[in-house]
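Chains P and V are the protein sequences, given in the same order.
Adding 251 to a residue's 1-based position in the first sequence gives its number in the numbering used here.
Adding 1 to a residue's 1-based position in the second sequence gives its number in the numbering used here.
Below is one structure, written out as structure tokens; comments come after it.
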Amino acid sequence: MLDTLVLSRIQFAANISFHILFPAITMALAWILFFFKLRYDRTDNPVWMRAYRFWVKVFALTFALGVVSGITMSFQFGTNWPGFMENVGNIAGPLLGYEVLTAFFLEATFLGIMLFGIDRVPSWLHTVSALVVAIGTSLSAFWILALNSWMQTPAGFEIRDGVIHATSWLEVIFNPSFPYRYTHMMLASGLTAAFFVAGLSAYRILKGDEKLAPRLALKTGLVIAAILAPVQAYVGDLHGLNTLKHQPQKVAAMEAIWETQRGAPLLLFAIPDEKERTNHAEIAVPHLASLILTHEVDGEIRGLDEFEGNHPPVAPLFFGFRIMVGMGILMLLTAWTGCYLLIKREELPRWMLRVLVGMTFSGWAAVLAGWYVTEIGRQPWLVTGILRTADAVTPLAPTNVGFSLALYLTVYVILMYAYIHTLKVMALKAVKVEEFETESPSSEGTTSGLPGSAEEGAA
Amino acid sequence: MNAEILNESLTYAQWLPIIFIGLMGLAVLIYAILDGYDLGVGILLPMQSRDEAQRDTMIASIGPFWDANETWLVLAVGILLIAFPEAHSMILMHLYIPAALMLIGLIMRGVAFDFRAKAAVDLKLTWDRTFKAGSLLTTLTQGYMLGQYVMGFDSHWNALLFSCLSALGVTAAYSYVGAAWLVMKTEGELQRRAVRWARRAGRATFLGVVAVSMVNPLVNPGVFDRWFTYPLVMFVLLIPTVCFAIFVFNDRLLKRMPKENDRHCRVPFFLTVAIFMLCFSGLAFSFFPEIVPGKLDIWEAASATESLTFILVGAVIVVPLIIAYTALAYRVFLGKATALKYH
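Take a look at the structure:
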């Protein structure tokens with residue numbers, strides 16, 4: 252029988268993993284939509300508007316899934332991790348509060364105007380609404396990543412009577428790992444959304460869509476990906492160096508370095524063995540880990556032996572990190588190849604379109620793998636050096652947590668199926684529907700999705 | 002318990018919890034009214050196949066608002082978490098299962114709203130059913146939790162019975178405000194239907210309010226003392242009296258609706274809102290300054306002063322802005338919902 256701690260951890264991991272998939276798309280897709288709308292305002296080219304119309308519907312759907320899966324999060328802290336709020340509530344509370352106050356209402360309210368108000372407000376106000384929604388999603392990420400980074404690298408606090416009190420809110424928010432984590436996550440969202448847009452557009456073209464809008468969206472996605480992928484590699488490296496400085500045990504686990512050594516090799520593959528505290532089946536490049544992490548061929552890297560009993564599990568970090576980096580390399584190659592082919596000829600060859608369809612959700616794999624590395628990498632701590640995960644868990648009975656966990660998992664499986672299925676239906680519908688010319692961004696179709704009125708967003 | 006604090010002159014640190022319980026109360030009240038009407042619309046959704054056009058109009062009437070409405074719940078729970086973390090843990094651990102069920106309900110309706118418009122046509126009815134079931138699950142669990150809260154998380158059969166009664170009462174109240182919203186936002190056949198729904202839901206709500214008002218002081222001696230102490234009794238009994246008068250007046254008014262040129266079509270909604278406000282102030286009056294009835298008051302549960310100050314600064318700046326742009330959104334979508342188009 253699993254105990255409450257394990258069940259609560261599984262439940263939290265399930266909830267947050269399911270949740271992050273949707274903001275990972277919408278954070279950047281909001282900016283892409285603003286870009287589409289702005290281009291339409293500037294050029295009067297209706298293709299931009301048609302691209303906007305299709306993607307705003309995808310955005311609304313994805314956003315709704317993000318909202319509902321996010322609401323469960325706001326209950327989790329109190330129900331399953333009361334020790335978290337008891338110990339660090341004075342820090343976590345205000346940061347979460349600012350997220351709700353400055354971001355949630357902003358995005359929710361202006362999303363209403365953005366989705367349904369296009370013929371009720373002047374065009375400029377509609378464009379502003381799209382901008383405000385984009386700002387709202389980025390602000391939301393700002394606060395939640397400030398809190399997450401603080402849990403990784405706490406700063407700006409003191410302990411009075413066993414409870415954390417803030418001494419400097421600026422230091423709390425801009426704690427050492429925050430700037431790197433925020434940039435890294437925003438870029439990750441950009442890549443996720445770029446491949447999502449390119450992949451779904453490629454799917455439409457493969458299914459015989461002759462229209463211009465999916466080609467424009469495909470190009471936009473590919474160009475964004477081609478620009479962001481190398482930037483992400485650079486920022487990721489900075490983030491890794493920052494982690495090495497503040498959480499060396501995490502990097503040691505990521506690289507499966509069991510003993511402190513000079514000139515550490517980079518392991519391309521290995522099977523870490525936690526019991527024997529060694530690796531099997533290593534494929535290594537000599538000195539490369541030292542070179543990457545310390546920028547010296549013989550640089551010293553602290554091994555897991557220095558943190559015995561106080562470091563995260565090695566295998567999930569080792570593999571998670573390799574999956575993330577692998578996906579990143581794959582994305583870089585795909586984006587650059589795609590852009591090269593686009594420059595060479597007007598239309599992408601079918602094999603490339605198929606590759607892009609295959610990469611539609613590549614961002615999700617990289618984002619999840621990356622988050623698993625950083626979150627499992629914080630263990631056994633919930634807040635590094637301050638609060639252990641095991642000390643924060645609820646005294647609830649395992650059956651209660653088991654019940655809610657089973658409930659959530661069932662719902663999530665159904666929702667994920669429905670989401671992917673609906674995206675497919677929307678894409679196929681967009682292929683069939685005739686393209687139309689519009690003078691102004693007038694609306695067509697009701698919320699009903701009735702056959703007669705469903706011809707909206709045709710391009 | 003240190004409710005005596007109220008009789009002394011308060012320091013800044015003692016004022017803060019009062020300000021935050023006020024903010025939280027405001028968030029709960031706004032949530033109950035705003036998400037109340039869109040939950041109510043979900044409950045009232047007629048499921049016959051000939052009703053499809055009406056379902057579309059009903060859902061279109063709440064389309065631009067439901068997301069922001071739900072955010073008030075996040076804010077209310079957020080303030081509870083931020084300002085009164087101990088109470089947050091205590092309340093939500095007692096209500097773990099109903100809260101989880103409520104979240105499932107909120108998830109069902111939130112996604113159904115988008116899926117119904119975008120999924121394959123043959124699945125639309127399924128998503129409409131999901132929407133209705135999710136709305137019902139949400140209101141029933143919220144009412145049940147309110148009942149449990151009032152009963153101090155007692156798990157004896159009579160307390161559970163009361164909680165079930167409260168579940169029905171809250172569901173009726175949400176249907177009431179939802180129907181009144183539809184009277185305001187729709188026309189023609191659907192509006193006539195909404196008028197009938199509003200009358201029926203109004204009467205059910207009335208019974209629910211009477212039942213809760215009678216049981217609450219009987220099981221909570223502190224509440225009884227507070228309400229029936231001279232001379233305050235003369236003043237506070239105004240709340241139920243006015244509430245009763247509004248119920249009767251609204252029922253008479255709805256009987257004569259819809260009127261020519263759709264006169265007074267907004268009045269029932271605002272009367273219902275007034276009833277919500279009165280019931281809420283009655284409940285607040287019963288328990289303030291306790292945050293977990295009989296167990297914890299707001300000063301015992303409050304967070305550190307510097308944290309509350311930090312968040313208060315933000316709240317003072319941001320809450321008026323939120324109210325302002327919420328008002329803007331309602332202005333943009335003023336009028337009948339049939340004209341509401343998607344994108």
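Using N, Cα and C, we set each Cβ at its ideal position, and we do this for glycine too.
According to the DSSP assignment, V565 of chain P belongs to the alpha helix (DSSP H) that extends over V565 to K595. For E71 of chain V, the chain P residues whose Cβ falls inside 8 Å of its Cβ are V318, I322 and A359, in order along the chain. Nearest C-alpha to P18 of chain V among V:I299, V:G209 and V:E71: V:I299. DSSP places L599 of chain P in no beta strand (DSSP E); its state is neither H nor E.
With distances taken between CA atoms, F326 of chain P lies nearest to V:H95 out of V:M59, V:W67, V:H95 and V:I63. Collapsing the DSSP output to three states places V634 of chain P in a strand. Bounds of the beta strand (DSSP E) holding D524 of chain P are L517 to D524. For H531 of chain P, the secondary structure class from DSSP, reduced to helix, strand or coil, is strand. Taking the CA atoms as reference points, T206 of chain V sits about 11 Å from V213 of chain V.
The three-state secondary structure of F425 of chain P, taken from DSSP, is coil.
Among the CB atoms of chain V, none fall inside 7 Å of the CB of H435 of chain P. Interface with chain V (7 Å Cβ-Cβ cutoff): T353 of chain P is included. Counting along the chain, H416 of chain P sits inside the beta strand (DSSP E) bounded by residues V414 to A417. Residue environment analysis places R629 of chain P among the buried positions, since at least 16 neighbouring C-beta atoms fall within 10 angstroms of its C-beta. The distance from the Cβ of S176 of chain V to that of L147 of chain V is about 16 Å, inconsistent with a contact at the 8 Å cut-off.
Residue-level contact check: T327 of chain V touches chain P, since one or more beta carbons of chain P fall below 7 Å from its beta carbon.
Within chain P, the C-beta atoms nearer than 8 Å to that of P65 of chain V come from G363, I364, L366, F367 and G368, in chain order. Non-local C-beta neighbours of A285 of chain V in its own chain, meaning closer than 7 Å and more than five positions away in sequence, comprise G26, ordered along the chain.
R411 of chain P counts as exposed, since fewer than 16 other beta carbons sit within 10 angstroms of its beta carbon. Taking a C-beta cut-off of 8 Å against chain V, none of the residues of the segment 608-622 of chain P qualify. E557 of chain P counts as exposed, since fewer than 16 other C-beta atoms from the protein chains shown sit within 10 angstroms of its C-beta. In terms of Cα proximity to I22 of chain V, the closest of V:G106, V:I80 and V:N251 is V:I80. Going by C-alpha positions, T645 of chain P is about 14 Å away from L656 of chain P. Look at the segment 20-38 of chain V: it has no residue with a C-beta under 9 Å from a C-beta of chain P. Using a Cβ-Cβ cut-off of 7 Å, W509 of chain P does not count as an interface residue toward chain V, since no Cβ of chain V sits closer than that to its own.
F248 of chain V and I276 of chain V have their C-alpha atoms roughly 8 Å apart. Looking at the DSSP output, R253 of chain V sits in no beta bridge, so it has no partner there. Between W615 of chain P and T388 of chain P the beta-carbon gap is near 17 Å, outside 8 Å, which marks them as no contact. Close CB contacts of L599 of chain P within its chain, under the 6 Å cut and outside five residues either way in sequence, are with L592 (chain order). Residue contact with chain P for K337 of chain V: absent (no Cβ-Cβ distance below 7 Å to any residue of chain P).
Per DSSP, V652 of chain P is one residue of the alpha helix (DSSP H) stretching across P649 to K683. Counted as a single uninterrupted DSSP element, the beta strand (DSSP E) harbouring E409 of chain P occupies residues F408 to R411.
For I292 of chain V, the enclosing beta strand (DSSP E) starts and ends at E291 to V293. L279 of chain V is positioned such that its CB atom lies closer than 7 Å to that of I240 of chain V. Separation of the CB atoms of P631 of chain P and R639 of chain P is rounded to 6 Å, and the pair is thereby assigned contact status at 8 Å.
Residues of the segment 144-172 of chain V whose Cβ lies closer than 8 Å to any Cβ of chain P: none.
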